[in-house]
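Student: Under mature numbering (1 follows the signal peptide of the UniProt record, and there is no 0), the residues of the sequence shown are numbered -24 to -1, 1 to 217, in order. Virtual Cβ for every residue (Gly too), placed ideally from N, Cα, C. As the structure is a computational prediction, the values presented were derived from the model and not from experiment. Before we start, here is the structure in question, set down as structure tokens.
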Amino acid sequence: MKSKFSTLLASALLATGIVYTSIAAPAYAEKGGKIQDNSTKDKTPKDKTPEVVSSSIADGGLTGLACNNSNVKFGALSATACEGAFAGNDTGEKGTLLDKLNDNLFSSEIGTGVQWILAGKSDSGNFTADNTADGDLTLAGNLTSFLGKTFVVSLKASNSYSAYLFENFQGTTLKAAYNTIGVSTNGKGTAQGLSHASLFLSNIKPQEPPKNKVPEPASLVGLGLVASGMVMARRRRTLGN
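Laid out in structure tokens, this is it:
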């Protein structure tokens, strides 16, 4: 009797183990064969995207790269002053330079209230410029038409630009050497190629060079009388001898 009871008990325990195994195994497999961790160290939902903080600078903001007046030179003539580098584009739909100029960007040099217009771009055929980091640009027109004028040449490279002011221009050529080292550099600190150059003209009236004064008529008469007196004095001396 005991033998039969032991056999029945063993069979029941075996069946219970099989049922438990059949239930637990799939759940165990769904967890990748690992024991579930019920700790509260990380309760972040699996489908939540981590927040990314942008490090980009807003258009028109300073990038931290400083321009230099000698970055644009017409012959031996460097810029009067420069501003930049600014993030974004100088011209176009999202361009920010014209607004900056009209908001007195160069007030320290030329005062306030000066108005500006975009007069040309190298990529629009108004004048020419290389597309290298270190190259040349040539303004269109003749030299005389620029003498005495106040204008700005801007250089755009990669995602930033710098502006170079020429006040009362007295250069000897319209061809300028430029370098974008004060506009944009790559991760190694190397200047990047020029995208385009732009020309902005101010409404400041050209300053004319000083002219030699022409003697007034009264002065000429006086000089004539002096000359006549000298001639008469010489004649008297001659007659006296």
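To the nearest angstrom, report how far apart residue 84 and residue 100 are at their CA atoms.
Tutor: Position 108 of the sequence shown, counted from the start, is the residue given in the question as residue 84. Position 124 of the sequence shown, counted from the start, is the residue given in the question as residue 100. Taking the CA atoms as reference points, residue 84 sits about 31 Å from residue 100.
Student: Which same chain residues, not among the five before or five after residue 161, have their C-beta less than 7 Å away from its C-beta?
Tutor: In the sequence shown, the residue the question calls residue 161 occupies position 185. Hits under 7 Å: 41, 167 and 168.
Student: Determine the direct distance from the alpha carbon of residue 34 to that of residue 86, and round the result to whole angstroms.
Tutor: One-based indexing of the sequence shown puts residue 86 at position 110. One-based indexing of the sequence shown puts residue 34 at position 58. Whole-angstrom Cα-Cα distance: 27 Å.
Student: Would you call the stretch 52 to 70 in contact with the stretch 111 to 123, where contact means no fewer than 3 C-beta pairs closer than 8 Å?
Tutor: no
Student: Under the three-state reduction of DSSP, which class applies to residue 29: helix, strand or coil?
Tutor: Position 53 of the sequence shown, counted from the start, is the residue given in the question as residue 29. With a pLDDT of 31 at residue 29, under the threshold of 50, the modelled position of this residue cannot be trusted, and the question is left open.
Student: Excluding sequence positions up to five away, which residues of its chain have a Cβ less than 7 Å from the Cβ of residue 147?
Tutor: Here residue 147 refers to the residue found at position 171 when the sequence shown is read from its first residue. Closer than 7 Å at Cβ, skipping near neighbours: 50, 51 and 53.
Student: Can you look up residue 151 in the DSSP assignment and give me helix, strand or coil?
Tutor: Walking along the sequence shown from the start, residue 151 turns up at place 175. The answer is strand: DSSP assigns residue 151 an E or B state.
Student: Is the Cβ-Cβ distance between residue 125 and residue 73 less than 8 Å?
Tutor: Along the sequence shown, read from residue 1 onward, the residue named residue 125 stands at position 149. Along the sequence shown, read from residue 1 onward, the residue named residue 73 stands at position 97. No; because the gap between Cβ atoms is not below 8 Å, this pair is not in contact.
Student: Using a threshold of 8 Å, state whether the C-beta atoms of residue 138 and residue 43 are closer than that.
Tutor: Translated into positions along the sequence shown, residue 138 becomes position 162. Translated into positions along the sequence shown, residue 43 becomes position 67. Yes, they are a contact pair.
Student: At which residues does the alpha helix (DSSP H) containing residue 76 begin and terminate?
Tutor: Along the sequence shown, one-based indexing puts residue 76 at 100. 73 to 78 is the extent of the alpha helix (DSSP H) around residue 76.
Student: Do you know how far the Cα of residue 153 is from the Cα of residue 92?
Tutor: The residue labelled residue 92 in the question sits at position 116 within the sequence shown. The residue labelled residue 153 in the question sits at position 177 within the sequence shown. Going by the C-alpha atoms only, they are around 24 Å apart.
Student: Pick helix, strand or coil for residue 69, following the three-state DSSP scheme.
Tutor: As a first step, residue 69 must be located in the sequence shown, where it is residue number 93. In this structure, residue 69 counts as coil in the three-state DSSP scheme.
Student: Measure the alpha-carbon distance for residue 78 versus residue 158 and round it to whole angstroms.
Tutor: Residue numbering aside, residue 78 sits at position 102 when the sequence shown is read from its first letter. Residue numbering aside, residue 158 sits at position 182 when the sequence shown is read from its first letter. Each residue's Cα considered, the two are about 22 Å apart.
Student: Answer yes or no: do residue 141 and residue 82 have a C-beta to C-beta separation smaller than 8 Å?
Tutor: To locate residue 141, count along the sequence shown from 1; it is residue 165. To locate residue 82, count along the sequence shown from 1; it is residue 106. Yes. Within cutoff.
Student: Return the residue from the list 47, 134, 98 and 155 that minimises the CA-CA distance to residue 163.
Tutor: As a first step, residue 163 is located in the sequence shown; it is residue number 187 there, counting from the start. The candidate whose alpha carbon is nearest that of residue 163 is 134.
Student: Which of the three DSSP states is assigned to residue -23 in this structure?
Tutor: Position 2 of the sequence shown, counted from the first residue, corresponds to residue -23. Its pLDDT being 47, under 50, residue -23 is placed unreliably in this model, and the value from its coordinates should be taken loosely. In the structure shown, residue -23 falls within a helical segment according to DSSP collapsed to helix, strand and coil.
Student: Do residue 113 and residue 57 have their C-beta atoms closer together than 8 Å?
Tutor: Position 137 of the sequence shown holds residue 113. Position 81 of the sequence shown holds residue 57. Here residue 113 is not near residue 57, since their CB atoms are 8 Å or more apart.
Student: Enumerate, from N- to C-terminal direction, the unbroken alpha helix (DSSP H) stretches of 4 or more residues contained entirely within the stretch 74 to 140.
Tutor: 83 to 86
Student: Roughly how many angstroms lie between the CA atoms of residue 31 and residue 165, to the nearest whole one?
Tutor: As a first step, residue 31 is located in the sequence shown; it is residue number 55 there, counting from the start. As a first step, residue 165 is located in the sequence shown; it is residue number 189 there, counting from the start. Because the pLDDT at residue 31 is just 40, under 50, the model does not fix this residue reliably, and the point stays unresolved.
Student: According to DSSP, simplified to helix, strand and coil, what is residue 161?
Tutor: Here residue 161 refers to the residue found at position 185 of the sequence shown. Residue state, collapsed to three classes: strand.
Student: Comparing C-alpha positions only, which one of 70, 47 and 127 sits nearest to residue 36?
Tutor: As a position in the sequence shown, residue 36 is number 60, starting the count at 1. Nearest C-alpha to residue 36: 70.
Student: Looking at the secondary structure, which residues open and close the beta strand (DSSP E) in which residue 58 lies?
Tutor: Working through the sequence shown from its first residue, we reach residue 58 at position 82. DSSP places residue 58 in the uninterrupted beta strand (DSSP E) bounded by 57 to 63.
Student: Could you have a look at residue 46 and say whether DSSP puts it in helix, strand or coil?
Tutor: Counted from its first residue, the sequence shown places residue 46 at position 70. Correct three-state label for residue 46: helix.
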